[in-house]
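Student: When the letters of the sequence shown are read in order and numbered with the working numbering, they come out as residues 7 to 185.
The C-beta atom is built at its ideal place from N, Cα and C for all residues, glycine as well.
Bear in mind the structure is a predicted one, so any value in this text is a computation, not a measurement.
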Amino acid sequence: MRPREIRSGYDGMSAPKNHRIYGQFGRGEQPHRANCLYEARDPCEVAAAGGRFAPDEGDSMLFAPLLLLFGSAQTGGVGPIEVTATTIDIAGVGHKATLPCKGRTVIVAGSGHVVRLTGTCAAIDISGTGNKVSVNLAPGGALVVAGSDQDVRYFSSDEIRRDVSGVDNRVERADTPLD
7 MRPREIRSGY DGMSAPKNHR IYGQFGRGEQ PHRANCLYEA RDPCEVAAAG GRFAPDEGDS
67 MLFAPLLLLF GSAQTGGVGP IEVTATTIDI AGVGHKATLP CKGRTVIVAG SGHVVRLTGT
127 CAAIDISGTG NKVSVNLAPG GALVVAGSDQ DVRYFSSDEI RRDVSGVDNR VERADTPLD
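1. What separation, rounded to the nearest whole angstrom, lies between the Cα atoms of ARG159 and LYS102?
2. Would you decide whether SER163 is buried or exposed? Buried here means 16 or more other CB atoms lie within 10 Å of its CB.
3. So, at 6 Å on beta carbons, what are the nonlocal neighbours of ASP95 in its own chain, with the 5 sequence-adjacent residues on each side left out?
4. To the nearest angstrom, how far is it from the Cα of ALA180 to the Cα of PRO145?
5. Would VAL141 be called buried (16 or more neighbouring beta carbons within 10 Å of its own) or exposed?
6. Determine the direct distance from the alpha carbon of ALA148 to that of ASP185, and round the result to whole angstroms.
7. Thinking C-alpha only, which one of GLY134, ALA115, VAL139 is nearest THR124?
8. From what residue to what residue does the beta strand (DSSP E) around CYS127 run?
9. The beta strand (DSSP E) that contains THR124, what's its start and end?
10. In the DSSP output, what is ASP95 paired with across the bridge?
11. Check each candidate in ALA115, ALA128, ARG122, PHE161 and name the one with the smallest Cα separation from THR135.
12. For VAL173, does the count of other Cβ atoms within 10 angstroms reach 16, so buried, or fall short, so exposed?
13. In chain order, what residues of the same chain lie with their CB nearer than 7 Å to the CB of VAL170, ignoring the 5 residues before and after it?
14. I need the straight-line Cα distance from PRO86 to ASN175, nearest angstrom please.
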């Protein structure tokens, strides 16, 4: 199935600030379209505009399912956040988000992200600079941290595989789950 793409808000003068959001959206008469890709300049603009985003006649996206998918609205970030059944991929600069992990593998790349992952993640790979991440990892999961000035706090009920490289990275194991 090819994702459906929606774009808005690009004026051709400045760099586009697009966010890719996967989820169970689509028109009610097409419930089989489960993993559509929506690309919007800023999801917060959608909420400010009354909660509906309708770039084409007859197409719309309710903002409420987006909040349920992410657990909170993302603010101020540039670059994509892609969520599939098996992965969460956060890239770009400055995303601030709380996301439900649900056993997924997480990739955080870029700089200045503040990410709180709820539930338990299978593995996480963090690269770039200046990211702050809190995560619960499954026993035997992998924590890979590279780059510089990363601040990572994690919990696991058993041992995990850790691979930390780079400069001035801080990785702290919590005594209790971070949810």
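Tutor: The short version:
1. 16 Å
2. Result: exposed.
3. GLU88, ILE113
4. 14 Å
5. buried
6. 19 Å
7. VAL139
8. 127 to 135
9. 120 to 124
10. GLU88, ILE113
11. ALA115
12. Around the beta carbon of VAL173, fewer than 16 other beta carbons lie within 10 angstroms, which makes this residue exposed.
13. VAL151, VAL177
14. Put simply, the backbone Cα of PRO86 is about 24 Å away from that of ASN175.
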